[in-house]
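The opening residue of the sequence shown carries number 21 in the working numbering; numbering runs sequentially from there.
Think of the CB as a built atom: it goes at the ideal place given N, C-alpha and C, for glycine as much as any other residue.
What follows is a short report on a single structure.
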Amino acid sequence: MELIERALEFEQRKHTFKTTSERIESSREVKDLILSLNTIYKENKDPEIMDLMKRLTAIKQKIEKRLKGRP
21 MELIERALEF
31 EQRKHTFKTT
41 SERIESSREV
51 KDLILSLNTI
61 YKENKDPEIM
71 DLMKRLTAIK
81 QKIEKRLKGR
91 P
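Now the structure itself:
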């Protein structure tokens, strides 16, 4: 369950990004974590994994909103 530990560590990490490249890198990392957790969830149907994916998705949405900027 190293993947779940990595996801929890990402969730606890401070999300203040100085540069656009840091935001892009973080967005890709969280996307990879979510997709990997999803494959585990398909096998186990563990509600804790679903909750973790939801929290990571919220973080990802905030990062991507910041990346897109204001119109």
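When the Cα atoms are used, residue 70 and residue 59 turn out to be separated by approximately 11 angstroms. Sequence-distant partners of residue 26 (beyond 5 residues in either direction) whose C-beta falls short of 7 angstroms from its own C-beta, in its chain, are 53. Residue 47 has its alpha-carbon roughly 10 angstroms from the corresponding atom of residue 77. The straight-line gap separating the alpha-carbon atoms of residue 65 and residue 57 is approximately 11 angstroms.
Counting only the Cα atoms, residue 82 lies some 13 angstroms from residue 90. Annotation: residue 33 is outside any alpha helix (DSSP H) and is labelled neither H nor E by DSSP. By the 16-neighbour rule on beta-carbons within 10 angstroms, residue 87 is exposed.
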